[in-house]
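Heads up: the structure comes next, in structure tokens.
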RNA sequence: GCCGAGUUGGCGGAAUGGUAGACGCGACGGUCUCAAAAACCGUUGUCCGAAAGGGCGUGCGGGUUCGAGUCCCGCACUCGGCACCA
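In the working numbering, the protein residues as written are 4 to 948.
In structure tokens:
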């Protein structure tokens, strides 16, 4: 690396000079607390100023031990540029960075090394802080935290208790304290689902009734059990292949007692409020699809032989006349009830699978289905099933239709049972073909249509006459009208009603892991959960000899989860006085998923040291509250990758809404504006053995790529150690300095687009900063080159159009074009040899958000005392935006045939005359009649002949 | 299959319906140097032409318009999400 002494130009802006400047300013910013943002109240209280507040957040990092590559800081640089720009606009900017520090990698490391996960995690945080500090990010260091800090865990647990101690009031459409539910039962305003009154219930029954309504509850239900990881997983953590997102182990559906959060109560609000936030449409759509709201009908099918009925959900009640059989999911709770004693006479062989009785066939089928992973269920799309031996009554026409069980019907969606309409549904069609079931079309198909038809058309075969005239007849109606008619009829006849179902399931919240927040829950002798009182929070993790859950063979579906905390006997047994004297309780031994901390961390930035509340209401209202009535409030700008579209971003919205309902926050949404940055990707190279070779040693020539003289194949994708294509920020700091690195990342392209890293191209950004430096500083002597000359008109024009453009680009986060405009200004000043203060001061100020260290250095060399952090961002003077002359384009039949330099305020007539006089235009017209002349003075004349 | 985003030079990318390719990389030529590197200056969509100038050109096929990368219709391909969701 060159040093200042190695070249004649001792004061050239080289990497080492940049490094000196950058470290010096970083130390000074720290010492002066330059980026500390004042709060309205509390320990960080100060003068919040007259400007707007602006709260920026990055999706906080997991402190991985692997270190950073150049892709990681992209979003952090972008938010830093926005924050620095907003400060120069006079805003009070809150920007800090915490660490999402619970999670599996640290626990796996701990299991392997025996070292406590906290030790490793904290050293990773230290290392990451060091790497990021070198970038010069303008964060308020007082507001940084990690989700593993005892103080943070305390409030995570406190929020859990808030959720545990509340229920969802469907009438008022909001969460309310559980005490109000108890009061409603006591007063008789509400009764238990079975109609029992509060007075009739015993103490335990009362508790079970209350517990069943909580927003955080224990429930035995089908969950994703992953024996390979030894834990259960949320739906969102299972891939579409039915494997764990972490570790890629098989996942099985098992009925287990686990903690859940009633996120489904918020389905409608989570969908509807997407309209009120400024988020990318793609993310909104992903959330809508994930919640999966569908409108339809619930239809009751009586099974007379069994003396009971089952409900199905359908989005197409208009096709009810085409329902020729019904299917229950194999796990449906009524399967046994519907399983007949013996096969009805004439049952086709295919329906029985050769079993002697329905019970044998059903239990064999259920056993096979239970042993399948979700992946196996998905891979095999051949329709299979068995007949239960029972028939159900189609309510619209009284037809007896056979009831099957089949694994193409899912237990978790709708009612876990369907009416099968082979004429209108491809899956039902396939099943009907396989089992010889009748197919009745109920919608007129287009000419020549084969197979199931799900499209528009008039209803056919859809009438049933009854003696009393109450029969349903929808023939001829369109799909929408038919749906409405059927729902009305079902409601009148007590056979069903219109309803809405959701794909979203309640959030499985417990994990059998060590490295997570313990639940603030104990169990009493009745085995019922009780919240640990606030003053005993946080419940801290005990030290244990072994951090691993009991894991199993990945394919061992019958294994049972066993959390590591269950082995810490001294911790599990605890004596507490919960108001009725000291008693022994048993602690909950599951831990929270690593989504817990990130579900509320935006709140803690606003009041990070508050010991009495998650955040003071004044601070929350100032930083997050709605600016005007009807707004949701929330973080002003949240930047991160799209990979959290349905995980973190859905959970965080849910928790925030609960806290809003309970009156703890004034904002209805956590993140008002969301921006997904793209990824920086990289090329990787493989040799003829398909082994990756070091990418930085590959040469490109003759249109091919070579490593040590041998041809290699190029691939495009992620940066990764195994791909041998990692480029680290540290390498960039050493070779160019942080400012060059920042400018390069911002100039590569639009922030939301992914693009390949190209180390060779970074030098362009360095050359740009060197040119800026050379405008102000003599490279040989280090003397200032700045003078007080007046600006010529052309320079004034370039300067002010640049100011105008850069401001617009900053407002809309178009940093790539902002950099391009600053380069153009710099190139202009270099070309005309202008180093006048009137030009270079605004240049330095505009550069400050992007290359803050260099800008601070030049600002002080311009004679200013303090930091330019709060110096005003330049404002364009409209008087200088208009150019002295503009190039007018003359088109003939839409093709450019001439250009004229004209005054900006030229009249249409004058311009037309000039255009028609242009020699090349005259030649193009070639004597033809002019039919029309379109004039857009002063930029364009279009001549039609 | 459904939903969403995209397709512009050798590469990353610019372009309120009005000069396509700003800015940067690379490449080519030059200055400086004993030489090289760095730095600086110039050229660079493509074809015809000595030049002036002209033809072609934003994935493909149509359309609207004086004028389309941009708007409309259809298609292909790439990427992302969901997927036996009734």
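Beta carbons are placed, not taken as given, at the ideal position from N, Cα and C, and that holds for glycine.
In angstroms with no decimal places, state the Cα-to-Cα distance between residue 6 and residue 785.
Indexing the first chain from 1 puts residue 6 at position 3. Indexing the first chain from 1 puts residue 785 at position 782. For residue 6, the predicted structure reports a pLDDT of 38, less than 50, and the residue's modelled location is therefore unreliable. A value from the coordinates is still provided. Answer to the nearest angstrom: the Cα atoms are 15 Å apart.
Any contact between the segment 338-353 and the segment 428-441? By contact I mean 3 or more CB pairs, one from each, below 8 Å.
The segment 338-353 vs the segment 428-441: in contact.
Could you give the distance in angstroms between the alpha-carbon of residue 534 and the alpha-carbon of residue 122?
Sequence index remark: in the first chain, residue 534 carries index 531 (1-based). Sequence index remark: in the first chain, residue 122 carries index 119 (1-based). For residue 534 and residue 122, the distance between alpha carbons rounds to 29 Å.
How many angstroms separate the CA atom of residue 215 from the CA atom of residue 476?
As a position in the first chain, residue 215 is number 212, starting the count at 1. As a position in the first chain, residue 476 is number 473, starting the count at 1. So the alpha carbons of these two residues sit roughly 42 Å apart.
Alpha carbon to alpha carbon, how far is residue 884 from residue 936? Give it in angstroms, no decimals.
What you label residue 936 is simply residue 933 of the first chain in a count that begins at 1. What you label residue 884 is simply residue 881 of the first chain in a count that begins at 1. Those two C-alpha atoms are separated by around 28 Å.
Look at the alpha carbon of residue 858 and the alpha carbon of residue 96, and state the distance between them as a whole number of angstroms.
Start at 1 with the first residue of the first chain, and residue 858 comes out as number 855. Start at 1 with the first residue of the first chain, and residue 96 comes out as number 93. Distance between the alpha carbons of residue 858 and residue 96 is about 20 Å.
Just to confirm my understanding: we take residue 944, look at its own chain, exclude 5 residues before and 5 after, and list those with CB closer than 8 Å. What are they?
Looking up residue 944 in the first chain gives position 941. Here the set comprises 891, 892, 893, 894, 914, 915, 918, 936, 937, 938.
Between residue 406 and residue 416, which are expected to be in contact by the criterion C-beta below 8 Å, what is the C-beta distance as a whole number of angstroms?
Within the first chain, the letter at position 403 stands for residue 406. Within the first chain, the letter at position 413 stands for residue 416. That belief does not hold up - the Cβ atoms of residue 406 and residue 416 are roughly 18 Å apart, past 8 Å.
Once DSSP output is grouped into helix, strand and coil, what is the label at residue 601?
Taking the first chain and counting its residues from 1, one reaches residue 601 at position 598. It is helical.
Taking the C-alpha atoms as reference points, what is the distance between residue 150 and residue 101?
Translated into the one-based positions of the first chain, residue 150 becomes position 147. Translated into the one-based positions of the first chain, residue 101 becomes position 98. Their Cα atoms are separated by approximately 8 Å.
Counting only the same chain and skipping the five closest in sequence on each side, list residues whose C-beta sits under 7 Å from that of residue 844.
Against the first chain, residue 844 aligns to sequence position 841. Cβ within range, chain order: 865.
State the CB to CB distance for the pair residue 237 and residue 596, rounded to an integer number of angstroms; the pair is presumed to be in contact (CB under 8 Å).
Along the first chain, read from residue 1 onward, the residue named residue 237 stands at position 234. Along the first chain, read from residue 1 onward, the residue named residue 596 stands at position 593. Indeed they touch by this definition, with Cβ atoms about 6 Å apart.
Would you report the Cα separation of residue 263 and residue 828, rounded to the nearest angstrom?
If you number the first chain from 1, residue 263 lands on position 260. If you number the first chain from 1, residue 828 lands on position 825. Those two C-alpha atoms are separated by around 58 Å.
Less than 8 Å between the CB atoms is what I'm expecting for residue 598 and residue 662, so what's the real figure, rounded?
Here residue 598 is taken as the residue at index 595 of the first chain, counted from 1. Here residue 662 is taken as the residue at index 659 of the first chain, counted from 1. Not a contact, Cβ separation roughly 16 Å.
Would you tell me roughly how many angstroms separate the C-alpha atoms of residue 652 and residue 521, rounded to the nearest one?
Here residue 652 is taken as the residue at index 649 of the first chain, counted from 1. Here residue 521 is taken as the residue at index 518 of the first chain, counted from 1. Distance between the alpha carbons of residue 652 and residue 521 is about 22 Å.
For the candidate residues 677, 698, 616, 686, whose alpha-carbon lies nearest to that of residue 668?
Taking the first chain and counting its residues from 1, one reaches residue 668 at position 665. If we check each option's Cα against that of residue 668, 616 comes out closest.
DSSP on residue 433, reduced to helix/strand/coil?
Counting from 1 along the first chain, the entry for residue 433 is found at position 430. Helix.
What's the C-alpha gap between residue 174 and residue 268?
Position 171 of the first chain, counted from the first residue, corresponds to residue 174. Position 265 of the first chain, counted from the first residue, corresponds to residue 268. For residue 174 and residue 268, the distance between alpha carbons rounds to 12 Å.
At 3 residues or longer, what runs of the beta strand (DSSP E) sit wholly inside the segment 560-613?
List check, beta strand (DSSP E) in window: 576-580, 585-590.
Can you tell me the Cα-Cα spacing of residue 648 and residue 516, whole angstroms?
Mapped onto the first chain, residue 648 falls at position 645. Mapped onto the first chain, residue 516 falls at position 513. Distance between the alpha carbons of residue 648 and residue 516 is about 25 Å.
Bridge partners of residue 262, per DSSP?
Here residue 262 refers to the residue found at position 259 when the first chain is read from its first residue. Beta-bridge pairing links residue 262 to 221.
Can you tell me where the beta strand (DSSP E) holding residue 60 begins and where it ends?
Along the first chain, one-based indexing puts residue 60 at 57. Unbroken beta strand (DSSP E) run through residue 60: 56-61.
If we count Cβ pairs, one from each stretch, closer than 8 Å, do we get three or more for the segment 743-750 versus the segment 760-779?
The segment 743-750 is in contact with the segment 760-779.
With C-beta atoms as the reference, is residue 728 less than 8 Å away from residue 682?
In the first chain, the residue the question calls residue 728 occupies position 725. In the first chain, the residue the question calls residue 682 occupies position 679. Cβ distance not < 8 Å, so residue 728 and residue 682 don't count as in contact.
Would you kindly work out how many angstroms separate the C-alpha atoms of residue 530 and residue 118, rounded to a whole number?
Here residue 530 refers to the residue found at position 527 when the first chain is read from its first residue. Here residue 118 refers to the residue found at position 115 when the first chain is read from its first residue. Taking the straight line from one Cα to the other gives about 34 Å.
Determine the direct distance from the alpha carbon of residue 32 to that of residue 564, and round the result to whole angstroms.
Along the first chain, read from residue 1 onward, the residue named residue 564 stands at position 561. Along the first chain, read from residue 1 onward, the residue named residue 32 stands at position 29. For residue 564 and residue 32, the distance between alpha carbons rounds to 50 Å.
Whole angstroms are fine: how far does the CA of residue 290 sit from the CA of residue 270?
Stepping through the first chain from its first residue, residue 270 is reached at position 267. Stepping through the first chain from its first residue, residue 290 is reached at position 287. Roughly 10 Å between the two C-alpha positions.
Could you work out which residue in 261, 329, 825, 796 is closest to residue 807 when comparing CA atoms only?
Residue 807 sits at position 804 when you count from the first residue of the first chain. When only C-alpha atoms are compared, the closest one is 825.
Mind checking residue 322: buried by the 16 CB within 10 Å criterion, or exposed?
The count along the first chain starts at 1 and reaches residue 322 at position 319. Counting Cβ neighbours within 10 Å, residue 322 comes out buried, since at least 16 surround it.
If you check the beta carbons only, do residue 854 and residue 18 fall under 8 Å apart?
On the first chain, position 851 is the one that residue 854 refers to. On the first chain, position 15 is the one that residue 18 refers to. The answer is no: Cβ separation not under 8 Å.
According to DSSP, is residue 228 helix, strand or coil?
Position 225 of the first chain, counting from 1, holds the residue named residue 228. Three-state DSSP puts residue 228 in a strand.
What residues are listed by DSSP as bridge partners for residue 695?
The residue you call residue 695 lines up with position 692 of the first chain. DSSP output for residue 695 lists 689 as bridge partner(s).
Tell me whether residue 333 sits in a helix, a strand or coil according to DSSP, three-state version.
Within the first chain, residue 333 is the residue found at index 330, counting from 1. Of the three classes helix, strand and coil, the one that applies to residue 333 here is coil, per DSSP.
Using 8 Å for Cβ pairs, my map puts residue 489 next to residue 300. What's the rounded Cβ distance?
Start at 1 with the first residue of the first chain, and residue 489 comes out as number 486. Start at 1 with the first residue of the first chain, and residue 300 comes out as number 297. About 7 Å separates the two Cβ atoms, so the contact holds.
In angstroms with no decimal places, state the Cα-to-Cα distance between residue 790 and residue 13.
Within the first chain, numbered from 1, the residue matching residue 790 stands at position 787. Within the first chain, numbered from 1, the residue matching residue 13 stands at position 10. So the two alpha carbons sit approximately 22 Å from each other.
Taking the alpha-carbon positions, what's the residue 206 to residue 172 distance?
Translated into the one-based positions of the first chain, residue 206 becomes position 203. Translated into the one-based positions of the first chain, residue 172 becomes position 169. So the alpha carbons of these two residues sit roughly 23 Å apart.
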